[in-house]
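Undergrad: Numbering (this note's numbering), first residue to last: 88 to 645. By construction, the Cβ of each residue, glycine as well, lies at the ideal position given by its N, Cα and C atoms. Quantities reported herein were computed from a predicted structural model and do not represent experimental measurements. Pasting a structure here, questions to come.
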């Protein structure tokens with residue numbers, strides 16, 4: 088049992104009475120247990136093996152000591168009780184997390200029981216400290232322990248906060264713990280009913296599972312958790328459909344996805360429990376609207392786009408190339424003896440595969456012209472060529488030399504989707520604009536801020552916040568490539584000590600080799616780099632001399 092202890096009800100002078108009232112706590116099965124501690128009633132009703140009590144230093148630990156000593160026929164030490172009473176009464180929110188005779192309280196609670204002292208939770212710092220305490224309760228738990236949680240007492244915020252963290256622990260702990268019951272002793276109902284009903288709130292776990300499951304289904308196409316919940320409702324028909332849909336989505340199996348969407352669509356007319364009735368039809372409708380299936384290639388493009396928007400970039404690459412190849416087959420309508428031959432011929436038309444004398448050159452020219460006449464041939468070829476090498480690298484787990492980092496791989500995919508979106512009557516993908524969080528423009532150039540024009544200074548401040556010089560290094564013309572790499576690494580370290588990629592953007596202009604290496608190194612480590620663009624104005628003087636003036640225009644990202 089994990090329970091919270093407070094200071095008791097308030098008296099007419101708004102002081103803590105430091106005791107709980109005697110009440111008859113009644114459970115769903117009709118059993119009534121008369122006690123002043125709901126934790127005592129829960130221990131008896133559920134046959135609890137060990138107790139973990141949480142409370143502030145001001146909680147009525149002297150009453151806990153007295154009550155549970157009596158329950159277990161342990162003689163009370165009056166000196167302990169007095170010291171506890173005086174200490175806890177005098178404690179406040181600023182007191183250290185310590186009380187006298189803690190080990191004696193744990194002894195009367197029962198074998199292997201514990202108490203944990205927590206903060207009031209007045210601010211973020213105290214809440215963070217409590218978070219650590221709540222999550223560290225795992226150290227007291229054994230594998231496959233069953234938790235019973237009591238949220239009756241203490242500040243309302245504390246059991247609520249604790250309960251949600253314990254639910255979190257339920258998902259991440261390797262000990263495979265379970266939450267069997269969440270109870271609330273409703274003392275407020277005693278005047279009307281003559282007893283305090285113990286309300287079973289364990290359905291909160293189910294509701295939480297539905298929330299997590301709905302998010303996974305909607306955002307990632309993973310309906311496994313919802314399928315398990317449907318199985319708990321004895322709806323194996325719906326559970327099986329959801330599991331199969333999840334499997335084909337995770338496999339990226341396009342033909343299977345097409346069939347399973349029809350199975351999902353049929354589920355909209357099923358009758359479920361209230362939560363399922365709210366979540367499933369709404370989420371299924373969103374999937375159906377996403378995938379209109381005007382043609383096989385259009386469907387493949389929509390699937391590729393969906394995978395991209397949900398960060399499954401590998402499946403997006405695979406599906407996008409298939410969409411392009413299928414589109415070529417639809418336009419040309421050629422019919423070779425096998426699907427592989429059809430696909431190979433389409434790849435030759437897209438210039439991503441050599442002919443090797445397999446196909447007739449006259450046919451190749453004829454179908455290329457057909458594509459030029461009926462589709463945006465150059466865009467299809469460009470997109471296919473951009474993604475083919477990367478797609479093959481992903482599919483065959485080969486080294487992808489075309490792109491140096493994940494950002495470039497994702498950017499190439501986004502650009503390829505956008506370049507052919509209108510072919511399928513789809514709008515371009517526009518990532519959400521992120522608010523500029525830069526606090527500093529670091530000027531790493533041969534032109535210190537003292538030489539900048541007022542216009543350039545003001546533009547920098549408006550776009551990036553503060554500005555600061557970082558002198559450009561003297562790069563020897565005799566330096567080797569290794570020297571340049573080492574120098575760039577040294578400057579990266581300097582920049583990292585100044586600020587993170589979210590805080591600092593670098594204005595970088597100077598010696599070309601160092602600038603090239605530095606830009607790439609900074610981008611690999613998440614930093615953005617800009618150069619300043621200028622307009623050259625040439626003035627001719629009477630003596631045939633010319634003067635060139637450079638006027639700042641804007642900052643442009645590398």
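#1: Look at the Cβ atom of residue 178, then the Cβ atom of residue 145, and state whether they are nearer than 8 Å.
#2: Quick one: give me the first and last residue of the alpha helix (DSSP H) that residue 300 is part of.
#3: Check each candidate in 134, 301, 150, 271 and name the one with the smallest Cα separation from residue 94.
#4: Does the distance from the CB of residue 236 to the CB of residue 256 come in under 8 Å?
#5: Under 7 Å Cβ to Cβ from residue 304, same chain only, skipping five residues before and after it: list those, please.
#6: Using the three-state DSSP reduction, which class does residue 451 fall into: helix, strand or coil?
#7: Our contact map puts residue 528 next to residue 594 with C-beta atoms below 8 Å; I'd like the distance itself, whole angstroms only.
#8: Would you report the Cα separation of residue 524 and residue 617, rounded to the nearest angstrom?
#9: Output the boundary residues of the alpha helix (DSSP H) element that contains residue 165.
#10: Between which residues of its own chain and residue 548 is the CB-CB distance below 7 Å, once the five residues before and five after are set aside?
#11: State whether the region 106-116 contacts the region 167-182, with contact taken as three or more CB pairs (one from each stretch) at a distance under 8 Å.
#12: Return the first residue and the last residue of the beta strand (DSSP E) that residue 237 is part of.
#13: Return helix, strand or coil for residue 96, following the three-state DSSP convention.
#14: Please go through the same chain and pick out, in chain order, the residues whose beta-carbon is closer than 7 Å to the beta-carbon of residue 213, but skip the five residues on each side of it.
#15: Residues bridged to residue 623 by DSSP?
#16: Around the C-beta of residue 281, are 16 or more other C-beta atoms found within 10 angstroms, so that it is buried, or is it exposed?
#17: Is residue 142 helix, strand or coil when you go by DSSP?
#18: Identify which residue in 129, 176, 198, 182 has its Cα closest to the Cα of residue 156.
#19: If you follow the alpha helix (DSSP H) that residue 414 is part of, which residue opens it and which one closes it?
#20: Roughly how many angstroms separate the alpha carbons of residue 375 and residue 348, rounded to a whole number?
#21: For the beta strand (DSSP E) that contains residue 267, what are its first and last residues?
#22: Tell me whether residue 535 is buried or exposed, calling it buried when 16 or more other Cβ atoms sit within 10 Å of its Cβ.
#23: Report the residue from 424, 439, 266 whose alpha carbon sits nearest the alpha carbon of residue 477.
#24: By Cβ distance below 7 Å, which residues in the same chain neighbour residue 643 in space, the five residues on each side in sequence not counted?
#25: In the DSSP assignment, the alpha helix (DSSP H) including residue 312 goes from what residue to what residue?
#26: Drop a sphere of 10 angstroms on the beta-carbon of residue 258, count the other beta-carbons inside from all chains shown, and report buried for 16 or more, exposed for fewer.
#27: If you drop the 5 nearest sequence neighbours on each side, which residues of the same chain put their C-beta closer than 7 Å to that of residue 404?
#28: Between the alpha carbons of residue 96 and residue 372, how many angstroms are there, rounded?
#29: On the three-state DSSP scale, how would you describe residue 212?
#30: Measure how close the beta-carbons of residue 377 and residue 389 come, nearest whole angstrom, since I'm counting them as under 8 Å.
#31: Could you check what DSSP says for residue 364 in three-state terms: helix, strand or coil?
#32: Go ahead and label residue 353 buried or exposed: buried means 16 or more other beta carbons lie within 10 angstroms of its beta carbon, across all protein chains shown.
#33: Return no unless some Cβ of chain B is closer than 8 Å to the Cβ of residue 505.
#34: Could you tell me the boundaries of the beta strand (DSSP E) in which residue 596 lies?
#35: Tell me the start and end of each unbroken beta strand (DSSP E) in the region 529-599 that is at least 3 residues and wholly inside, in chain order.
#36: What residue from 454, 409, 200, 104 has the CA that sits closest to residue 504's CA?
TA: Working from what's here:
#1: Locating residue 178 in the chain shown gives position 91, counting from the first residue. Locating residue 145 in the chain shown gives position 58, counting from the first residue. The answer is yes: Cβ separation under 8 Å.
#2: The residue labelled residue 300 in the question sits at position 213 within the chain shown. Per DSSP, residue 300 belongs to the alpha helix (DSSP H) from 290-307.
#3: Your numbering for residue 94 matches position 7 in the chain shown. Considering only alpha carbons, the answer is 150.
#4: For the purposes of this step, residue 236 is taken as the residue at position 149 of the chain shown. For the purposes of this step, residue 256 is taken as the residue at position 169 of the chain shown. Result no, Cβ atoms of residue 236 and residue 256 do not sit closer than 8 Å.
#5: Start at 1 with the first residue of the chain shown, and residue 304 comes out as number 217. The answer, listed in chain order, is 310, 313, 370.
#6: Counting from 1 along the chain shown, the entry for residue 451 is found at position 364. Here residue 451 sits in helix by DSSP.
#7: One-based indexing of the chain shown puts residue 528 at position 441. One-based indexing of the chain shown puts residue 594 at position 507. 6 Å between Cβ atoms; contact.
#8: Indexing the chain shown from 1 puts residue 524 at position 437. Indexing the chain shown from 1 puts residue 617 at position 530. Answer to the nearest angstrom: the Cα atoms are 15 Å apart.
#9: Here residue 165 refers to the residue found at position 78 when the chain shown is read from its first residue. Here the alpha helix (DSSP H) through residue 165 covers 165-177.
#10: Along the chain shown, read from residue 1 onward, the residue named residue 548 stands at position 461. Excluding sequence neighbours, residue 548 sits near 554.
#11: no
#12: As a first step, residue 237 is located in the chain shown; it is residue number 150 there, counting from the start. First-last of the beta strand (DSSP E) with residue 237: 233-237.
#13: For the purposes of this step, residue 96 is taken as residue 9 along the chain shown, with counting starting at 1. DSSP places residue 96 in coil when its eight states are reduced to three.
#14: If you number the chain shown from 1, residue 213 lands on position 126. Answer for residue 213: 206, 207, listed in chain order.
#15: Taking the first residue of the chain shown as 1, we reach residue 623 at position 536. In the DSSP output, where bridge partners are listed per residue, residue 623 has 637.
#16: Numbered from its first residue, the chain shown carries residue 281 at position 194. Exposed, because fewer than 16 other Cβ atoms sit within 10 Å of the Cβ of residue 281.
#17: As a first step, residue 142 is located in the chain shown; it is residue number 55 there, counting from the start. Strand, per DSSP.
#18: The count along the chain shown starts at 1 and reaches residue 156 at position 69. It is 198.
#19: Position 327 of the chain shown holds residue 414. Taken as a continuous stretch (DSSP letters only), the alpha helix (DSSP H) holding residue 414 covers 400-419.
#20: The residue you call residue 375 lines up with position 288 of the chain shown. The residue you call residue 348 lines up with position 261 of the chain shown. Each residue's alpha carbon lies about 7 Å from the other.
#21: Taking the first residue of the chain shown as 1, we reach residue 267 at position 180. Taken as a continuous stretch (DSSP letters only), the beta strand (DSSP E) holding residue 267 covers 265-272.
#22: For the purposes of this step, residue 535 is taken as residue 448 along the chain shown, with counting starting at 1. It counts as exposed.
#23: Along the chain shown, read from residue 1 onward, the residue named residue 477 stands at position 390. Of the listed residues, the one whose Cα sits closest to residue 477 is 439.
#24: Counting from one through the chain shown, the residue named residue 643 turns up at place 556. Hits under 7 Å: 617, 618, 620.
#25: Against the chain shown, residue 312 aligns to sequence position 225. Here the alpha helix (DSSP H) through residue 312 covers 311-319.
#26: As a first step, residue 258 is located in the chain shown; it is residue number 171 there, counting from the start. Exposed, by the Cβ-count rule.
#27: As a first step, residue 404 is located in the chain shown; it is residue number 317 there, counting from the start. These residues qualify, in order along the chain: 474, 477, 478, 481, 500.
#28: Numbered from its first residue, the chain shown carries residue 96 at position 9. Numbered from its first residue, the chain shown carries residue 372 at position 285. If I take the Cα positions, the gap works out to 51 Å.
#29: To locate residue 212, count along the chain shown from 1; it is residue 125. Helix, per DSSP.
#30: Locating residue 377 in the chain shown gives position 290, counting from the first residue. Locating residue 389 in the chain shown gives position 302, counting from the first residue. Right, the Cβ-Cβ distance comes to about 6 Å (below 8 Å), so this counts as a contact.
#31: For the purposes of this step, residue 364 is taken as the residue at position 277 of the chain shown. Of the three classes helix, strand and coil, the one that applies to residue 364 here is helix, per DSSP.
#32: Taking the first residue of the chain shown as position 1, residue 353 is located at position 266. With fewer than 16 Cβ atoms within 10 Å of its Cβ, residue 353 is classed as exposed.
#33: No chain B is part of this structure, which consists of one protein chain only.
#34: Indexing the chain shown from 1 puts residue 596 at position 509. Segment 591-596, the beta strand (DSSP E) holding residue 596.
#35: 553-556, 591-596
#36: Against the chain shown, residue 504 aligns to sequence position 417. That would be 409, whose Cα lies nearest to the Cα of residue 504.
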